[in-house]
Each structure stands twice: as C-alpha cells, then as structure tokens.
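The structure appears below as structure tokens.
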Amino acid sequence: MVNSNYQLKKYKLLRLVVIISLAYSMGLAIVDYFEIATKIEYRTPLMVSFAISNSIILYILHKKQCFDKILLSAVLISALFVFTVAMVIYPQSEIRVMWYFFTIMIAYFVGGTKIGNITAIVSVLILLSINQIYLNFTNDVMFYFILGILFISQISNYFVKILNENEKELYQYQNHLEDMIESGLKEIAQLNDEITDTQKEVVFTMGSIGETRSKETGNHVKRVAKYSALLAKSYGLSKEKIELIELASPMHDIGKVAIPDSILNKPARFTSEEFEIMKQHSTLGYDMLKHSKRPILHTAAIIAHEHHERWDGKGYPQGLKGKDINILGRITSVADVFDALGSDRCYKKAWEDEKIFKLFKEEAGKQFDPKLIEIFFNNLDEILKIRDSLSDIK
Numbered sequence: 004m005v006n007s008n009y010q011l012k013k014y015k016l017l018r019l020v021v022i023i024s025l026a027y028s029m030g031l032a033i034v035d036y037f038e039i040a041t042k043i044e045y046r047t048p049l050m051v052s053f054a055i056s057n058s059i060i061l062y063i064l065h066k067k068q069c070f071d072k073i074l075l076s077a078v079l080i081s082a083l084f085v086f087t088v089a090m091v092i093y094p095q096s097e098i099r100v101m102w103y104f105f106t107i108m109i110a111y112f113v114g115g116t117k118i119g120n121i122t123a124i125v126s127v128l129i130l131l132s133i134n135q136i137y138l139n140f141t142n143d144v145m146f147y148f149i150l151g152i153l154f155i156s157q158i159s160n161y162f163v164k165i166l167n168e169n170e171k172e173l174y175q176y177q178n179h180l181e182d183m184i185e186s187g188l189k190e191i192a193q194l195n196d197e198i199t200d201t202q203k204e205v206v207f208t209m210g211s212i213g214e215t216r217s218k219e220t221g222n223h224v225k226r227v228a229k230y231s232a233l234l235a236k237s238y239g240l241s242k243e244k245i246e247l248i249e250l251a252s253p254m255h256d257i258g259k260v261a262i263p264d265s266i267l268n269k270p271a272r273f274t275s276e277e278f279e280i281m282k283q284h285s286t287l288g289y290d291m292l293k294h295s296k297r298p299i300l301h302t303a304a305i306i307a308h309e310h311h312e313r314w315d316g317k318g319y320p321q322g323l324k325g326k327d328i329n330i331l332g333r334i335t336s337v338a339d340v341f342d343a344l345g346s347d348r349c350y351k352k353a354w355e356d357e358k359i360f361k362l363f364k365e366e367a368g369k370q371f372d373p374k375l376i377e378i379f380f381n382n383l384d385e386i387l388k389i390r391d392s393l394s395d396i397k
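Residue numbers (my numbering): 4 to 397.
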C-alpha cells in the first residue's frame with residue numbers, strides 16, 4: 004500500500020518534469036523563431052506541438068492536484084514521439100540517444116517498475132526501427148545504445164525498489180505507531196485516576212528534590228503543602244484552588260536544583276554576590292515549569308516565581324507589591340517562611356515559636372499579606388497540629 008505522502012511526491016516530480024519539458028520546448032521554439040542558432044527544418048512546429056501538449060498536461064495536473072498514471076503515460080508518449088522525430092530530423096548524432104535514457108529514468112522514478120520496463124522496451128524497439136530506416140548506426144553503436152538502456156533501466160529499477168520498500172516500511176511503521184497511539188489513548192482513558200495519582204506523586208517528588216539538595220527533609224514540602232491548603236481554605240479560595248496549591252506548593256523551591264552546592268549549603272551568611280545567585284532560584288523554577296499547560300505545573304510555576312515577593316514590594320524577583328502578587332504565592336510565602344524558621348538549616352538553628360510569632364506580627368503588611376497573617380493566627384492550633392504530625396523528629 005502506498006501512502007498519500009508518497010503519491011504527493013510523485014505528483015510533484017511529474018509536475019517538475021512537465022515544467023522542464025515545457026521550458027525546453029518553448030526555448031527551442033524561440034531559438035528557431037529568432038534564428039539565434041542554425042535553424043533545423045520541422046523543429047519549430049515540433050517544439051510548438053510539444054509545448055502545447057505539455058501545457059495541456061500541466062493544466063490538468065494543476066486541476067487534479069494528484070498523481071495520475073494516465074497523465075504520466077501522456078507525458079512519456081509525448082516525449083518518446085518528440086525525441087524520435089528529433090532523432091530523424093536533427094543531424095545524425097549519437098548523443099541524442101540520451102533523451103531516451105532520461106525518459107526511461109523518469110518512467111521508473113515516477114511510474115514504478117512496470118511503466119519503467121515498458122518504456123525501456125518501447126525505446127529499444129523505436130531505436131531499432133528508426134535505425135533501419137533513417138539513422139544507419141553501426142551494429143556496434145546500436146549494441147552500446149541497447150546496453151546503455153538496459154543499464155539505466157536496471158539501475159533505476161533498483162533504486163525505485165529501495166525507495167518503495169522504504170516507503171512501505173515507513174507506512175507500516177506509521178500505521179503501527181497510530182495503532183499504538185490509539186491503544187495508548189484508550190489505556191490512558193481507562194487509567195485516568197491512576198495517572199492523576201502518579202502525577203501528584205511525581206510533582207511532590209520534584210518538590211522534594213529541591214529540598215534534598217539543600218539538605219532539607221521531604222517533610223518540609225509536606226508541611227508547606229498542608230499549611231498552604233489550610234490558609235487557602237480559610238482565605239475563601241475555591242476547592243479547586245485549595246487542591247492545586249496543596250499539590251503545587253511542594254515545588255516552590257524546585258529552582259534550587261540549578262544553584263551550586265557551594266552556595267546552597269553554605270553554613271554562613273551569603274555575600275551579596277552569592278545572595279544574587281541564590282535569588283535566581285525563583286526565576287529558574289518558573290522557567291522550568293512555565294511552558295506546561297497542566298494546571299498543577301502551571302500553578303507551581305506561579306508559586307515558584309512569586310513566593311519570595313513581599314507585600315511592601317521589596318521582594319524578588321519582580322518586586323511585585325500587595326495584591327499584584329498572586330494569592331497562591333502570598334500563601335506559600337507564609338507557609339514556607341513559618342516552616343523554614345522553625346526548622347534546623349545548615350546556616351541556622353530552628354527558631355523558638357514565640358520568636359517566629361513576633362516576626363510574623365511585625366512583618367504583617369510588610370513582608371506578608373496582613374489578612375493571611377490574621378488567618379495564620381486564627382488557625383494556629385491547626386497549623387501546630389500539622390507540624391507535629393509531620394515532624395522531622397521520630
């Protein structure tokens with residue numbers, strides 16, 4: 004079975020042959036008309052006729068917009084007729100036999116083995132016939148002509164077979180691939196719940212990677228996810244938003260995977276240059292995730308980008324202010340800072356709760372959305388329960 008792509012290639016090749024033949028015939032007709040070269044009797048009407056036939060074939064090809072064996076046959080018959088007459092009326096020259104060779108190659112490459120074989124046999128018969136009547140080439144010359152035709156036909160046939168086999172293999176592979184895709188889509192539809200669960204697990208694992216590189220525990224991202232969901236619910240976000248922030252917030256620091264270990268795990272304050280590099284993790288995380296159209300990853304991109312913005316506009320990387328910061332970023336910021344301050348890190352010991360609470364009250368309206376800080380304290384008992392249930396100390 005030949006695919007439509009292969010048919011299109013054959014159509015384009017046939018059209019190219021007709022255009023070249025048309026240009027060739029018109030060129031010779033013009034040469035004769037203006038007497039640019041030695042005029043050959045009967046050549047002008049012959050070339051005009053050839054040009055007209057090619058114009059008609061080209062017009063039909065343009066209308067059909069597809070490969071047609073009848074049109075190919077018309078091209079071959081027209082070419083063989085013109086070249087045969089030319090062999091008779093032109094001054095005797097063996098080189099003109101090359102026209103037959105080109106015609107045979109076109110027959111094979113456009114029409115395939117059967118049409119190519121027929122064209123080769125007809126060319127031999129034509130040459131033998133006109134040689135007896137008009138050309139009078141020697142037997143040796145005719146032998147080489149026929150040998151050349153056989154050589155061209157076999158080489159052309161060999162290449163055409165290779166091309167056909169490749170096209171068939173490609174078509175079979177394409178069909179196989181389509182079957183596999185269809186089967187895969189059915190399987191995906193049947194296992195949609197399982198895939199969703201797997202996606203959630205992968206998202207959480209990706210979030211844990213960033214924390215692991217900075218020698219933080221996987222429980223940090225679990226706690227941040229739970230805190231964020233609780234704050235989102237109390238803030239009045241939709242059920243969908245609450246679920247998204249719980250699933251996506253673990254990836255808030257995914258950009259840390261691109262920060263050098265020497266900076267990420269430095270057990271001391273950063274220099275100004277090191278802090279600038281560290282700040283890049285927000286943009287790096289966003290760039291990793293921003294192209295995805297998946298709701299979870301799209302949400303994670305927003306959170307990664309904006310969880311270090313400040314309510315007063317002094318945060319990074321964009322310097323957003325107030326409600327210009329996405330609510331998902333504002334919520335994750337509170338959850339992340341609370342858990343980070345209350346946990347041991349390579350550069351500090353965990354803060355006491357009272358010190359954290361004092362900071363939060365001082366930073367309401369500065370670093371944090373004041374409404375979220377109010378919600379945080381209103382839900383403090385629940386937040387502390389989450390922390391205890393997911394404690395790093397077993």
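Think of the CB as a built atom: it goes at the ideal place given N, C-alpha and C, for glycine as much as any other residue.
These figures come from a predicted structure and were not determined experimentally.
| Item | Value |
| --- | --- |
| Per-residue DSSP class, three states only, for residue 271 | coil |
| Cβ contact check for the region 68-78 and the region 40-53: 3 or more pairs under 8 angstroms | no |
| Outcome for residue 251 when other beta-carbon atoms lying within 10 angstroms are tallied against a minimum of 16 | buried |
| Coarse secondary structure for residue 66, derived from DSSP in three states | helix |
| Inter-residue spacing [alpha-carbon to alpha-carbon] between residue 131 and residue 172 | 40 angstroms |
| Minimum C-alpha distance to residue 344 - residue among 377, 313, 390 | 390 |
| Presumed contact (8 angstroms Cβ cut-off) between residue 78 and residue 17, rounded CB distance | 7 angstroms |
| Sub-8 angstroms separation of residue 386 and residue 287 beta-carbons | no |
| Status (buried if at least 16 other CB within 10 Å, exposed otherwise) for residue 247 | buried |
| Coil, strand or helix - residue 361 by DSSP | helix |
| Reduced DSSP secondary structure (H/G/I, E/B, other) of residue 380 | helix |
| Counterpart residues of residue 371 in DSSP-defined beta bridges | 367 |
| Reduced DSSP secondary structure (H/G/I, E/B, other) of residue 351 | strand |
| Residue 135 to residue 150 span [Cα, whole Å] | 18 angstroms |
| CB contact check: residue 300 to chain B, cutoff 8 angstroms | Structure shown: chain B not included; a single protein chain is present. |
| CA-to-CA distance, residue 300 to residue 244, given in whole angstroms | 13 angstroms |
| The alpha helix (DSSP H) enclosing residue 120, as first and last residue numbers | 116-133 |
| Which of helix, strand or coil DSSP assigns to residue 222 | helix |
| Classification of residue 217 by the beta-carbon crowding that lies within 10 angstroms, buried from 16 upward | Only weak support is given to the placement of residue 217: the predicted model assigns it a pLDDT of 49, under 50, and the question is left unresolved by the model. |
| Residue 18 (DSSP reduced to helix, strand or coil) | helix |
| 8 angstroms Cβ cutoff met for residue 370 and residue 333 | no |
| Residue 333: first and last residue of the uninterrupted alpha helix (DSSP H) it sits in | 330-344 |
| Residue 264 classed as buried or exposed, judged by whether at least 16 other C-beta atoms fall within 10 angstroms | exposed |
| Residue 293 in three-state terms, based on DSSP | coil |
| Sub-8 angstroms separation of residue 156 and residue 107 beta-carbons | yes |
| Proximity below 8 angstroms, CB of residue 256 to CB of residue 294 | no |
| Residue 346 and residue 353 closer than 8 angstroms at C-beta | yes |
| Own chain partners of residue 393 with C-beta closer than 6 angstroms, once the 5 adjacent residues on each side are dropped | 222, 225, 226 |
| Bounding residues of the alpha helix (DSSP H) (the contiguous stretch that carries residue 101) | 101-109 |
| Alpha-carbon spacing of residue 308 relative to residue 355, whole angstroms | 29 angstroms |
| Classification of residue 36 by the beta-carbon crowding that lies within 10 angstroms, buried from 16 upward | exposed |
| Beta-carbon proximity check, residue 144 vs residue 111, cutoff 8 angstroms | no |
| Contacting residues, own chain, Cβ-Cβ under 7 angstroms from residue 368 (five flanking each side not counted) | 314 |
| Neighbourhood of residue 127 by C-beta, 7 angstroms cutoff - its chain only, sequence neighbours within 5 removed | 149, 152 |
| Exposure label - residue 253; buried when at least 16 CB within 10 Å | buried |
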